[in-house]
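In terms of my numbering, the sequence shown has 301 at position 50, counting the first letter as 1, and numbering is strictly consecutive.
Even glycine gets a Cβ: it sits at the ideal position worked out from N, Cα and C.
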Amino acid sequence: MWNSDGRRLPDWVEDAYDHLAARIHDREDGISRDDAVTILASNDGLALEVSESKFAIEQLLDRGYLYEVEGVLFVTDVDE
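Structure, rendered in structure tokens:
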């Protein structure tokens with residue numbers, strides 16, 4: 252995934268995004284940041300530590316792939 256600034260996300264952060272985006276899209280009301288950390292840290296395919304899960308979420312928020320409203324995460328929908 253490329254951002255508008257031309258920087259690519261690390262593969263493991265992209266994988267984290269794929270897992271979170273699927274879960275978030277399943278729920279119209281988004282997911283809490285704590286739930287997102289739990290989802291990433293408990294996924295055997297990712298094998299992320301809690302600190303890595305938090306870092307991935309921060310990267311996704313900073314790059315605009317996710318946005319947060321009152322502690323709830325949503326996927327940023329971009330019309331291409």
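- Taking C-beta atoms under 8 Å as the contact rule, L299 and L311 fail to qualify, at a distance of about 13 Å.
- CA-CA distance, G322 to R284, rounds to 6 Å.
- At a Cβ-Cβ threshold of 8 Å, K305 and V326 do not count as neighbours.
- Between the alpha carbons of G296 and E279 lies a gap of roughly 25 Å.
- Minimum Cα-Cα distance from L260 among the listed residues E319, D328, D313 corresponds to D313.
- If you keep only unbroken alpha helix (DSSP H) runs of at least 4 residues inside the stretch 257-323, you get 262-276, 284-293, 301-313.
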